[in-house]
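Residue numbers (my numbering), protein chains in the order written: chain A, 258 to 372; chain B, 1141 to 1250.
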């Protein structure tokens, strides 16, 4: 089955630094990937749609300069949290599709803690 | 994307069938119903999806009402490992985004 690898699974960083999270489709090409954020005991909130070779589309209320998304190849999208602050601490999850009949495959998530 | 409504929580005895309902009264004709589950601190896992007809796979069955305004996910013999938050999502297939609702927290009891 389709596999989406997300790295790192867990990261702790100091306030003011930037953190990059990678999302890779291992056995299929993904022209579109999605990035979500999830706070404790809450549902997943869509942050942005990442399109290969073009600019990401951000959901309302998500700062594009804060959360930089790059989708340079058909198998890799990255999310960079710039100048991270404690309120950015959250569980970040990516997803991708291997085709219209298969739904989306999600990565295992990245737990970001900003101290 | 269709807005979905699910009960916040349910309990089910181990070995019994778990029936998880979902209302999606605003679903449009070309939107599929997808079901995912999320076990604590992991990414969501695909379970099943359907458009009009009932569907079954190795994990679960999906029953969609004729008017498509609601559906039920059935886990035929729930185990402790099925304890998770279950989400139903209405979306057109292909490259359209998913909007997650609050989901149902299923607890399977020994």
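Note that beta-carbon positions come from the ideal geometry of N, C-alpha and C, so glycine has one too.
Chain B partners of residue i, CB-CB under 9 Å?
i              : result
residue 324(A) : By Cβ distance, chain B contributes nothing, its closest Cβ being about 16 Å from residue 324(A), past 9 Å.
Report yes or no: is there a C-beta of chain B within less than 8 Å of the C-beta of residue i?
i              : result
residue 274(A) : no
residue 303(A) : yes
residue 350(A) : yes
residue 296(A) : no
residue 310(A) : no
residue 285(A) : no
Let's see if you can read the secondary structure: which residues bound the beta strand (DSSP E) around residue i?
i               : result
residue 277(A)  : 276–282
residue 335(A)  : 333–338
residue 1171(B) : 1171–1178
residue 1187(B) : 1185–1190
residue 327(A)  : 324–330
residue 268(A)  : 267–270
residue 301(A)  : Element bounds for residue 301(A): n/a, residue is neither H nor E.
Can you confirm whether residue i, when its beta carbon is compared against all beta carbons of chain A, has any partner nearer than 8 Å?
i               : result
residue 1186(B) : yes
residue 1243(B) : yes
residue 1189(B) : yes
In three-state DSSP terms, what is residue i?
i               : result
residue 1161(B) : strand
residue 1222(B) : helix
residue 1151(B) : strand
residue 344(A)  : helix
residue 1236(B) : coil
residue 363(A)  : strand
residue 312(A)  : coil
Using beta-carbon positions only, say whether residue i and residue j come within less than 8 Å of one another.
i               : j               : result
residue 262(A)  : residue 368(A)  : no
residue 1209(B) : residue 1163(B) : yes
residue 1237(B) : residue 331(A)  : no
residue 1201(B) : residue 1184(B) : no
residue 1190(B) : residue 1176(B) : no
residue 1146(B) : residue 1243(B) : yes
residue 1157(B) : residue 1246(B) : no
residue 1199(B) : residue 1214(B) : no
residue 370(A)  : residue 346(A)  : yes
Name, please, each residue of chain A whose Cβ falls closer than 8 Å to the Cβ of residue i.
i               : result
residue 1143(B) : Per Cβ cutoff of 8 Å: no residues; residue 1143(B) is ~13 Å from chain A at best.
Under 7 Å Cβ-Cβ, which residues of chain A neighbour residue i?
i               : result
residue 1182(B) : 365 and 366
residue 1174(B) : 360
Mind pulling the chain B residues with CB within less than 7 Å of residue i?
i              : result
residue 300(A) : 1240, 1241, 1242 and 1243
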